[in-house]
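Reading through the structure tokens given below for one structure.
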Amino acid sequence: MAVPLTRLDDLGIAETTVSTASTPEELRTNFIAGRYDLAAMPVNVAANLCAQGIDLVLVGTVSGNNVQLMGPEGTTLDDLRGQVVHIPFPGDILDLTMQQILDSAGLTYDGENPDVTIEYHPTPLDIATGLTSGSMTYAVLPEHLATVVADTSDSVGKAVGLEQLWTERTDATALPFAGFVLRGELARTHPDLVAALQANLVSSVVSVVSSPARGAAEVAARIPVPADVVGRVLPGLRPVYLPAAEGRADTELLYSSLLETVPASVGGELPADGFYAGSAG
Numbered sequence: 007m008a009v010p011l012t013r014l015d016d017l018g019i020a021e022t023t024v025s026t027a028s029t030p031e032e033l034r035t036n037f038i039a040g041r042y043d044l045a046a047m048p049v050n051v052a053a054n055l056c057a058q059g060i061d062l063v064l065v066g067t068v069s070g071n072n073v074q075l076m077g078p079e080g081t082t083l084d085d086l087r088g089q090v091v092h093i094p095f096p097g098d099i100l101d102l103t104m105q106q107i108l109d110s111a112g113l114t115y116d117g118e119n120p121d122v123t124i125e126y127h128p129t130p131l132d133i134a135t136g137l138t139s140g141s142m143t144y145a146v147l148p149e150h151l152a153t154v155v156a157d158t159s160d161s162v163g164k165a166v167g168l169e170q171l172w173t174e175r176t177d178a179t180a181l182p183f184a185g186f187v188l189r190g191e192l193a194r195t196h197p198d199l200v201a202a203l204q205a206n207l208v209s210s211v212v213s214v215v216s217s218p219a220r221g222a223a224e225v226a227a228r229i230p231v232p233a234d235v236v237g238r239v240l241p242g243l244r245p246v247y248l249p250a251a252e253g254r255a256d257t258e259l260l261y262s263s264l265l266e267t268v269p270a271s272v273g274g275e276l277p278a279d280g281f282y283a284g285s286a287g
């Protein structure tokens, strides 16, 4: 999620401060409390906050090869039958998306004698440690940790990206894991800010992708990940930022799938037109 944030200093705002949250719940709490004006968050959290009446707009979404199904080389969904899959943050977008993918493959994951057993962990780092030590074999893991594990383990690697699994099984062209949300009051009182943000976030992604070495250093300056690790992640990451209105079809497809199976994850309803910055509706 950090790739679009590398050029925030070019927005022309007197001072910008970037901070990171350790968990999705911390991120949600800080946004509700007003500690963040702009936040990159799981896209379902944005819809959920909107349904709760939190005043915000979705500025845009980020997709790409940023979440991996980890396992031995050649692992397919069918290989997960009878296995344990380790996932961080129960109820987070990684968990929810993997559930949708398992559903589409006809694999059960709850109830008695499920085809796949899901085991949850408090952080992705716990899973990365388990995969590296050999105590775990299959997992859903975000970047950059997926690359670190693949570079370290002799038996486990990146089997397939969740975005690939999702687009193969739906009409989607991308899987928008993350959304950038702006406080609604700021969007209304400073309408030029939304357009400036759109241009800034797009240019940040273009800059990072076009010059990976420089981009890795810029990303590392925003998040606590060494530049050399970012540099190893970037070639396969393929990040794409889309303004909310342009990416709305894929976002709503994901929301609709979640609404059908886990309605509470998006607040029990699809967001209205005003949720999507730049929507004509």
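Residue numbers (this note's numbering): 7 to 287.
Even for Gly, the Cβ is constructed at its ideal location relative to N, Cα and C.
Enclosing beta strand (DSSP E) for residue i [first to last residue]
i: Ser69; result: Leu62 to Ser69
i: Glu31; result: Segment Pro30 to Ile38 is the alpha helix (DSSP H) holding Glu31; no beta strand (DSSP E) there.
i: Ala45; result: Leu44 to Pro48
i: Thr179; result: Note, Thr179: premise wrong, no beta strand (DSSP E); not H, not E.
i: Thr123; result: Thr123 to His127
i: Ala184; result: Ala184 to Arg189
i: Val91; result: Val90 to Pro94
i: Val166; result: Gly163 to Gly167
i: Ala145; result: Tyr144 to Pro148
i: Gly77; result: Val73 to Gly77
Status (buried if at least 16 other CB within 10 Å, exposed otherwise) for residue i
i: Leu188; result: buried
i: Phe150; result: The question names Phe, yet the displayed sequence has His at residue 150. So His150 ends up on the buried side.
i: Gly70; result: buried
i: Ala178; result: buried
i: Gly18; result: exposed
i: Ser161; result: exposed
i: Pro241; result: exposed
i: Thr81; result: buried
i: Pro128; result: exposed
i: Arg34; result: buried
i: Ala39; result: exposed
i: Ala270; result: exposed
i: Ala255; result: exposed
i: Thr118; result: Reading the sequence as shown, one finds Glu at residue 118 and not Thr. Answer is exposed; the Cβ neighbour count stays below 16.
i: Ala8; result: buried
i: His92; result: buried
i: Thr12; result: buried
i: Gln106; result: buried
Integer Cβ distance of residue i from residue j, believed to fall under 8 angstroms
i: Leu137; j: Met76; result: 6 angstroms
i: Val268; j: Phe183; result: Not really, about 16 angstroms apart at Cβ, beyond 8 angstroms.
i: Leu181; j: Thr103; result: 7 angstroms
i: Gly185; j: Leu64; result: 5 angstroms
i: Thr153; j: Val239; result: 5 angstroms
i: Leu108; j: Val122; result: 6 angstroms
i: Leu86; j: Tyr144; result: 6 angstroms
i: Ser110; j: Arg175; result: 4 angstroms
i: Leu294; j: Pro120; result: Lying outside 7 to 287, the shown extent of the chain, residue 294 is not represented and no answer is given.
i: Lys164; j: Gln89; result: The pair is not a contact, with the Cβ atoms about 17 angstroms apart (cut-off 8 angstroms).
i: Tyr282; j: Ala233; result: Going by Cβ atoms, the distance from Tyr282 to Ala233 rounds to 34 angstroms, so no, they are not a contact pair.
i: Asp15; j: Thr22; result: 6 angstroms
i: Asn50; j: Leu264; result: 6 angstroms
i: Gly66; j: Gly253; result: 7 angstroms
Range covered by the alpha helix (DSSP H) that runs through residue i
i: Leu276; result: No alpha helix (DSSP H) contains Leu276, which DSSP labels as neither H nor E.
i: Leu108; result: Ile99 to Ser110
i: Val130; result: The sequence shown places Pro at residue 130, rather than the Val named in the question. Its alpha helix (DSSP H) spans residues Pro130 to Ser139.
i: Leu151; result: Leu151 to Thr158
Return the chain-ordered ranges of every beta strand (DSSP E) run that is complete within the region 194–267 and spans a minimum of 3 residues. 246–249
For the region 217–229 and the region 128–135, state whether three or more C-beta atom pairs, one from each stretch, are separated by less than 8 angstroms. Because the criterion of three Cβ pairs below 8 angstroms is not met, the region 217–229 and the region 128–135 do not touch.
Below 8 angstroms, can you find three or more Cβ-Cβ pairs linking the region 106–118 to the region 39–46? no
Pairing CB atoms from the region 241–253 with CB atoms from the region 202–216, are three or more of them under 8 angstroms? Touching, yes.
Is the region 254–270 touching the region 223–240 in the sense that three or more CB pairs, one from each, lie closer than 8 angstroms? Pairwise C-beta distances place the region 223–240 out of contact with the region 254–270, as fewer than three of them are shorter than 8 angstroms.
Would you check if the region 54–63 and the region 89–99 touch, i.e. whether three or more CB-CB distances between them fall below 8 angstroms? no
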